[in-house]
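**Student:**
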Amino acid sequence: MITIALSKGRIFEETTPLLAAAGIIPAEDPESSRKLILATNRYDVRLIIVRATDVPTYVQYGAADLGIAGKDVLDEHGGEGLYQPLDLQIAKCKMMVAVREDFDYLGAIRRGARLKVVTKYVKTAREHFAAKGMHVDLIKLYGSMELGPLVGLADAIVDLVSTGATLRANHLTAVEEVGDISSRLVANQASFKLNRTQLQPILHAFSTAITK
Ligand code: PRT
Ligand code: MG
Numbered sequence: 003m004i005t006i007a008l009s010k011g012r013i014f015e016e017t018t019p020l021l022a023a024a025g026i027i028p029a030e031d032p033e034s035s036r037k038l039i040l041a042t043n044r045y046d047v048r049l050i051i052v053r054a055t056d057v058p059t060y061v062q063y064g065a066a067d068l069g070i071a072g073k074d075v076l077d078e079h080g081g082e083g084l085y086q087p088l089d090l091q092i093a094k095c096k097m098m099v100a101v102r103e104d105f106d107y108l109g110a111i112r113r114g115a116r117l118k119v120v121t122k123y124v125k126t127a128r129e130h131f132a133a134k135g136m137h138v139d140l141i142k143l144y145g146s147m148e149l150g151p152l153v154g155l156a157d158a159i160v161d162l163v164s165t166g167a168t169l170r171a172n173h174l175t176a177v178e179e180v181g182d183i184s185s186r187l188v189a190n191q192a193s194f195k196l197n198r199t200q201l202q203p204i205l206h207a208f209s210t211a212i213t214k
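Note that our numbering has the sequence shown beginning at 3, numbered continuously upward.
(1) Going by C-alpha distance, which of L162, G181 and T17 is nearest A133?
(2) Check for me: the alpha helix (DSSP H) holding A167 runs from which residue to which?
(3) Per DSSP, what kind of secondary structure is T213 in: helix, strand or coil?
(4) Give the DSSP bridge partners of M98, in chain order.
(5) Classify R186 as helix, strand or coil using the three-state DSSP reduction.
(6) If I'm right that L68 touches I4 with Cβ under 8 Å, what's the distance once you round it to whole angstroms?
(7) Flag this pair as yes or no: are the beta carbons of Q62 and G83 separated by less than 7 Å?
(8) Where does H150 sit, in a helix, a strand or coil, going by DSSP?
(9) Can you give me the C-alpha to C-alpha distance between P203 and A24, rounded to a whole angstrom?
(10) Using a threshold of 7 Å, state whether the C-beta atoms of I70 and L143 are closer than that.
(11) Taking C-beta to C-beta, are F208 and Y85 nearer than 7 Å?
(12) Are the Cβ atoms of A156 and V119 separated by less than 7 Å?
(13) Would D46 be called buried (16 or more neighbouring beta carbons within 10 Å of its own) or exposed?
(14) Quick check: what's the CA-CA separation for S34 versus G11?
(15) Here's a check: name, in chain order, each residue in its chain whose Cβ is nearer than 7 Å to the Cβ of P87, leaving out the five neighbours to either side.
(16) I need the DSSP call for K125, collapsed to helix, strand or coil.
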């Protein structure tokens, strides 16, 4: 049995065509079903529905053979025990530094001010500012980072941006790019060797179906 770990929402939606290309059709829609284990049309493939941030953990420990997770999530996890054979080019966005529209970010950097930054992506943010030689105080949040600068919790946020609508709605503006984000196929290293004959065709179908 091949187990694939996925999160609901945008990753599931954008993965559905890739799964179809590999001849895998989920028996149910996770948005309407409350089941956490979904059967597919293939007797030898099942899907498990987990939080996006938990996908690497399930695959690392072998509870899933394959998983699909954002580069943002994988960078924070560290990638131990995982192969990352494919960039699926789905769920694309950018990791950005953003501040209030009225905040002078470049001026603050020039003055050498010590900025307070809220983020869910502490490791990524730490590495980004360290590479720039900037001293920042990082404050970990689990969501709604956009609120931080509005209520005086922080000067800046590090978060994902796709359309920019969330920033605009909260009078924030992106001032710096941290990196491009897309979702990757990840595989458990031991399972990848043991189940090569079952996994290879899925990988091949995914790589052929990727829209660049
Ligand atoms: O939602 P939940 O707390 O369960 O977990 P999650 O947010 O980690 O999962 P999910 O399903 O929302 O995101 C899964 C993956 O999609 C992420 O790990 C990213 O790799 C990718 N992705 C792509 C995004 C976005 N685009 C995105 N725009 N993840 C989140 N966002 C959020 C962003 O954090 C911000 O709050 O959308 C908001 C900005 O969107 P715009 O369009 O207003 O700019
Ligand atoms: Mg979300």
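Built from N, CA and C at the ideal position, the CB exists for glycine as well.
**Tutor:** Judging by the given coordinates:
(1) G181
(2) A167 to A171
(3) In this structure, T213 counts as coil in the three-state DSSP scheme.
(4) D161 and E179
(5) strand
(6) 7 Å
(7) Taking C-beta atoms as the reference points, Q62 and G83 count as a pair closer than 7 Å.
(8) In the sequence on display, residue 150 carries Gly and not His. Per DSSP, reduced to three states, the secondary structure at G150 is helical.
(9) Looking at the backbone, the Cα of P203 and that of A24 are separated by about 7 Å.
(10) no
(11) no
(12) Contact flag set, yes.
(13) exposed
(14) 11 Å
(15) L187, A189 and L205
(16) helix
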